[in-house]
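Enquirer: In this note's numbering, the protein residues as written are 1118 to 1668.
The beta carbon of each residue, even a glycine, is placed where N, CA and C say it ideally should be.
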DNA sequence: CCACCTACAG
DNA sequence: TTCACACTTTCCT
DNA sequence: GAAAGTGTGTCTCTGTAGGTGGAG
Ligand SMILES: [Mn+2]
Ligand SMILES: [Mn+2]
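1) Let me confirm a value: residue 1179 is counted as buried when at least 16 other C-beta atoms fall within 10 Å, else exposed. Which label applies?
2) Spell out the partners DSSP gives residue 1219 in its beta bridges.
3) For residue 1517, count neighbouring C-beta atoms within 10 Å of its own C-beta (all shown protein chains included) and say buried if the count is 16 or more, exposed if not.
4) May I ask whether a heavy atom of ligand 2 can be found less than 6 Å away from the beta carbon of residue 1494?
5) Pick from 1498, 1338, 1188 and 1144: whose alpha carbon is nearest that of residue 1578?
6) Where does residue 1237 sit, in a helix, a strand or coil, going by DSSP?
7) Could you check if residue 1480 belongs to the surroundings of ligand 1, using beta carbon to heavy atom distance under 6 Å?
8) Taking 8 Å as the limit between beta carbons, can you name the residues of its chain near residue 1523, skipping five residues before and five after?
9) Which residues does DSSP list as the beta-bridge partners of residue 1659?
10) Report the rounded CA-to-CA distance for residue 1262 versus residue 1438, giving the unit in angstroms.
11) List the endpoints of the continuous alpha helix (DSSP H) containing residue 1308.
12) Helix, strand or coil: how does DSSP classify residue 1653 here?
13) Hey, would you say the C-beta of residue 1101 is under 6 Å away from at least one heavy atom of ligand 1?
14) Just to check, is the beta-carbon of residue 1619 closer than 6 Å to a non-hydrogen atom of ligand 4?
15) Would you kindly report the start and end of the unbroken alpha helix (DSSP H) that includes residue 1502?
16) For residue 1574, which three-state DSSP category applies?
17) I want to check one thing, is the minimum distance from the CB of residue 1335 to the heavy atoms of ligand 2 below 6 Å?
18) Given this structure, state the Cα-to-Cα distance separating residue 1413 from residue 1515, to the nearest angstrom.
19) Cα separation between residue 1606 and residue 1631?
20) What do you get for residue 1657, buried or exposed, if any count of 16 or more other CB atoms within 10 angstroms of its CB means buried?
21) Could you compute how far the alpha carbon of residue 1343 sits from the alpha carbon of residue 1358?
22) Is any heavy atom in ligand 2 found nearer than 6 Å to the beta carbon of residue 1634?
23) Taking 6 Å as the limit between beta carbons, can you name the residues of its chain near residue 1121, skipping five residues before and five after?
24) Checking 7 Å against the spacing of the C-beta atoms, do residue 1108 and residue 1257 come in under that value?
25) Pull up the distance between the alpha-carbon of residue 1125 and that of residue 1385, whole angstroms please.
26) Thinking residue 1382 and residue 1338 are a contact (beta carbons under 8 Å), I'd like their distance in whole angstroms, please.
27) So is residue 1315 buried or exposed if we call it buried at 16+ other beta carbons inside 10 Å?
28) In whole angstroms, what is the alpha-carbon distance linking residue 1210 and residue 1158?
29) Which first and last residues belong to the beta strand (DSSP E) in which residue 1186 is found?
30) Would you kindly report the start and end of the unbroken alpha helix (DSSP H) that includes residue 1471?
31) Can you give me the C-alpha to C-alpha distance between residue 1626 and residue 1458, rounded to a whole angstrom?
32) Is the Cβ-Cβ distance between residue 1164 and residue 1207 less than 7 Å?
33) Name the residue from 1394, 1475, 1495 and 1609 whose alpha carbon lies nearest to the alpha carbon of residue 1535.
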């Protein structure tokens, strides 16, 4: 294993700390992911690296900000000084452009309201919009055919003293960020927050061979999906986006992302009344929710035969419990119409329900119920069992598997919610779970709790887990119960990670019970039913507490 | 004039 | 990069 | 009863500057 300097945040005492962080990121990608970069991209990076200190810094400032267009007057930084000569240098290097045509709504965002009024004084007066709000004006401008053609900033507003700079290297820096972090929701502020101590991550060893991407096509695919999703969020029609979907790659992670996007396109199409697009997208999506949604849409359109056939196929091989539940409901609605046999009556074990009558209050109903019940009661929802699992299996969770960790800012392994997470760590997890057998789990969990307090972990909400709660949970919940719950959680961390009861109540004699609180008008959700059924089957005390208001 | 919102910086 | 959950409305039998 | 839609609190933090828009 080659020893390589781990990328680390720069000191904030350095006024160019952000430049140093950008260098760290770029160097890491160039050194260890260079095979995924084109010659043109390397040349562009070379141009940036060859620029002067201030020019490199200004470009980083621009890349970190929102949008691609910046007024020179808004690029004043103490440590950089006069931006004009620096901008000229970046222009000469081709890293930024001037006189880029921009649409009129972009112009409206770049100008203040006062400037916008000056720029379009006549037009606004004529339209009776002189005093309208900025948003109204922007929308009006966008809708006017005479402003439909993008123009350079100076052409829109010739009297301006200002210059507009437009980034010409945004795709490159976005690509670098993606290759470094393995996602596009993390950015340079990770370095800063970590340095400030505001954000703490577990330290996991990783080698340069541990990467998010191994082929350029994978990076391209991720970016394509990302931009399609962005366009969907902007309100573009799902049908055209579906056409633009890239062909699938031989990569389970990206295939799942593609299927999820296709599912979201289908949902959007369904909402918009474009049933054809919706059905096509559902049919081709491998997302675990797609089949039930497709069957429901067919049913709603009156295609009972199609819906029923889909339900039957799914019931023969359900993907998960949620799908089974959804398809069973569908079957119960349709079997008579289809002349099919009645479903085996699902003895959804009678759910133990008690009623609590309380004076009306604005407080959350879970808290009220907790206060009204005897004994120590905690409002934990999903946090308790997920948190206990994380604490017990910490070593397995943060084991340095190749591809699981590849930068210093991971809250959890990259594959935490992907299929096969537990299988890839079966021995490590077995070793952790074995502590439930030999009794050492209590001390191990408490030690982890104290040692790792505050470290970001997707399964752990630190403020929800107090030390007394953990102590009580560990003394009152038998290890066999923990083992059963953890095994279920590990079988599908995403699918089973939610739906756990609101409250845990510890009994004086040493036992405990789980309580799902329901206010007036609230009902059990599917995932809550599934957990209650599981608890029932395991002999774990779990019930529903129906709250009614005192008249 | 002031409350509110947003982008930005660290 | 949302998600999980509660709460509300609508439709149907 | 089922499904769909909406709202809320959490999300990684905190402080600040500038812009906006309504009230007076
Ligand atoms: Mn709840
Ligand atoms: Mn509840």
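Expert: Based on what the coordinates show:
1) buried
2) 1268
3) exposed
4) no
5) 1498
6) coil
7) no
8) 1299, 1323, 1327, 1328, 1329 and 1531
9) 1631
10) 53 Å
11) 1306–1313
12) helix
13) Because the chain in this structure spans residues 1118 to 1668, residue 1101 falls outside the shown range and cannot be described.
14) With respect to small molecules bound, the structure shown includes ligand 1 and ligand 2 and not ligand 4.
15) 1500–1509
16) strand
17) no
18) 40 Å
19) 17 Å
20) buried
21) 12 Å
22) yes
23) 1325
24) Lying before the first or after the last residue shown, residue 1108 is absent from the chain, which here runs from 1118 to 1668.
25) 41 Å
26) Incorrect: roughly 16 Å between the Cβ atoms, too far for contact.
27) exposed
28) 13 Å
29) 1186–1188
30) It is not in any alpha helix (DSSP H) - residue 1471 instead sits in the beta strand (DSSP E) that spans 1470–1475.
31) 49 Å
32) no
33) 1609
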